[in-house]
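In this note's numbering, the protein residues as written are 398 to 1075. We put the CB at the ideal spot given by N, CA and C, even for glycine.
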Ligand code: MV4
């Protein structure tokens, strides 16, 4: 067994691996980039080494630095986590060549499954069901077109060198094939440096069901049941669950058997996932791809099987046999995972960066697990995946697990970068999610239920904001009086005397989030105990409140006990009401002038600024070009995603303010336009 392992990853998965290694008595070494100096995984590990600047390709993707770090601290093994180098066959091989055990599959297995065409050929030979398709070496356009016609439209063209949906193109008919092929080849060459493609019959409605497999180095292989990951947005999984709901038992068994066959066919070792498409109509399943890493969603399998998959990974990498035989592995209940991302739903889920002011989760329990990679005070960086945490619940049956998920998500309080919590809550609360087994079109099919405009703040919310600011102002003044030791300060009096002689005042509250609502004026009358609050619509509350040392305001509104949070650094009150999106309020200082817009509306219309920090990777128009409103102008890369930026209005491109490859900050002007005279 290893005495020290290095975790070549960051965020929640690094923390998660460290927790298991610690439980096994194994020393842990973290690596981190300069941007992650204060990160959670660095704090958790026994040792930590800085391996380079923030950009992943100079740190977490630099295999040589990682191996050198492992050698320098006397680690015996390297755990790659997921993403980064976890499916890089050359890195896996380099680890072994350097005498480091790679806690993952053999490099040959990674390589074989990394080529989606080769993978399909291997599966075909092993008798694993495939969709009708073509995955040969001959890539002549005419042959591919002939194959597509043989398969029957619609067909899906996929890059052989990549997975996860990147570069896939649907061709609905023969006339559309050539263009779809050209697009797929262009994107495959850009994304993977390899323009080979494969073709498959396109399944319009499908479920994404995957089977967890585990093999040891002694040719034993078991499955650990299935997971449904159909609820995705742009190929990013949002909700995953185990087992996949509503599958016929014989279909489930056939898939699990096929998954084990697939793993054995390639001499697999370690944790792996065989991904299938299930056609809900024909109750048939088809091999998609095999992921040769531990997946983000592995906790739902751990919760229904009662197994620690990272412990198994470490033990198997150290040469141990599988801890259990298939007959000893049983599943119980239902587990569901929700992924919390720093993304702004109001900006089409654009990844967000910035400081996390506050991040409160419900107390974990045997039914609730929180795998987080960040905590309050940390920065979500533009350089890495914006996933903040995973909320995983377990219960005896699916309805009970869904109920737990709703409660757990309702209790999450996050202040800082926008997150997708509202979407997660809407999915967990949706009748469709409870009733049906989801398919990959779930989000689009139920868009109107899932994307509801945020409700205006209720009177209770406004009253809480007012009380919160009253208490926060008092706390600040008291603190200042203490620090200044000013005996004459009214706040220094110990007789509970109140500051405001007049006994009443009005507050103007400005709602920071959601934006765009008018300021609200609230009348406040000081009472012997608490205050009487008069709301704009005439409602009145008799309220008391106290701010705890942790910034949580506990209030009583006519006997109704409610709470809110004071964000000291921003002097905002955030009101989280049982699962609603947070309403955040600042106190409008009447003396402060209204913020002067730095641009006239016309100028704003003609401004193309970067929506977030990123790197310019493509210009899509020439200097001097006349563009339509909303026409794609350039592409920036940030947080492993590409974002196409569009012309804010019709006009002429007067100047590019940056060149290809430049790193740009949020809000900076990228292109100077001369807006068309409207
Ligand atoms: C498909 C498919 C339908 N028909 N292949 C997506 C990424 C990778 N896991 C394979 N994927 C799919 N392959 C055929 N022949 C549907 C998916 C798919 C999907 C496609 C478009 C939009 C979202 C999707 C989510 C999951 C799976």
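Same chain, Cβ closer than 7 Å to residue i, neighbours up to 5 away in sequence not counted
i, result
"residue 909", "969, 981, 982, 983"
"residue 831", "796, 799"
"residue 424", "400, 401, 443"
"residue 688", "669, 670, 672"
"residue 458", "481, 482"
"residue 676", "600, 603"
"residue 1023", "1049"
"residue 523", "658, 659, 662"
Same chain, Cβ closer than 6 Å to residue i, neighbours up to 5 away in sequence not counted
i, result
"residue 672", "607, 685, 686"
"residue 810", "757, 973"
"residue 872", "944"
"residue 661", "618"
"residue 456", "430, 448, 449"
"residue 414", "404, 476, 707"
"residue 507", "484, 486, 489, 689"
"residue 916", "905, 907, 985"
"residue 864", "940, 942, 952"
"residue 718", "613, 615"
Minimum C-alpha distance to residue i - residue among the options
i, options, result
"residue 732", "444, 957, 869, 695", "695"
"residue 820", "1048, 832, 588, 850", "850"
"residue 596", "550, 1069, 678, 795", "550"
"residue 729", "719, 815, 639, 827", "639"
"residue 753", "977, 455, 964", "964"
"residue 1076", "414, 436, 864", "Residue 1076 is absent from the model: the chain starts at 398 and stops at 1075."
"residue 860", "936, 924, 882", "936"
"residue 631", "588, 459, 573, 747", "747"
"residue 1020", "796, 783, 1069", "1069"
"residue 924", "902, 584, 678", "902"
"residue 527", "573, 598, 751", "598"
"residue 922", "904, 844, 1032", "904"
"residue 564", "432, 1065, 1038, 1052", "1038"
"residue 432", "751, 879, 759", "751"
"residue 927", "906, 912, 545, 955", "955"
"residue 428", "421, 419, 439", "439"
"residue 656", "676, 626, 913, 621", "621"
"residue 558", "588, 962, 718, 693", "588"
"residue 497", "509, 530, 794, 461", "461"
"residue 556", "535, 572, 592, 576", "592"
"residue 723", "1052, 613, 584", "613"
"residue 780", "1062, 422, 580, 721", "1062"
Sequence-distant residues of the same chain with beta carbon closer than 8 Å to residue i, five excluded per side
i, result
"residue 623", "606, 607, 608, 609, 639, 640, 641, 644, 649, 652, 653"
"residue 816", "737, 738, 739, 740, 749, 785"
"residue 578", "538, 541, 542, 554, 566, 568, 594"
"residue 957", "857"
"residue 802", "733, 735, 788, 790, 825"
"residue 848", "742, 820, 823"
"residue 469", "446"
CB contact below 7 Å: residue i versus chain C
i, result
"residue 717", "No chain C is part of this structure, which consists of one protein chain only."
Residues that DSSP places opposite residue i in a beta bridge
i, result
"residue 634", "629"
"residue 476", "404"
"residue 1060", "1012"
"residue 762", "765"
"residue 1070", "1050"
"residue 373", "Residue numbering for the chain in the displayed model covers 398 to 1075; residue 373 lies beyond these limits and cannot be assessed."
"residue 923", "928"
"residue 410", "Answer is none; residue 410 lacks a bridge partner."
"residue 908", "982"
"residue 689", "Bridge partners of residue 689: none, in fact."
"residue 812", "755"
Residue i: CB within 6 Å of a non-hydrogen atom of ligand 2
i, result
"residue 597", "Ligand 2 is not among the ligands present in this structure, which contains only ligand 1."
Handout entry: Three-pair Cβ contact test at 8 Å for the stretch 474 to 489 versus the stretch 647 to 657
Key = no
Practice task
Assess, as a yes-or-no matter, whether the stretch 568 to 577 is touched by the stretch 492 to 505 under the definition of 3 or more beta carbon pairs within less than 8 Å.
Solution key: no
Handout entry: At least 3 beta-carbon pairs within less than 8 Å: the stretch 868 to 877 vs the stretch 931 to 944
Key = yes
Handout entry: Given 8 Å, three or more beta-carbon pairs between the stretch 509 to 529 and the stretch 438 to 455
Key = no
Problem - Meets three-Cβ-pair contact criterion under 8 Å: the stretch 777 to 796 and the stretch 407 to 415 - result: yes
Handout entry: Segment contact, 8 Å Cβ cut-off, at least three pairs: the stretch 1014 to 1027 with the stretch 1044 to 1060
Key = yes
Practice task
Pair every Cβ in the stretch 825 to 845 with every Cβ in the stretch 918 to 932, then say whether three or more of these pairs are closer than 8 Å.
Solution key: no
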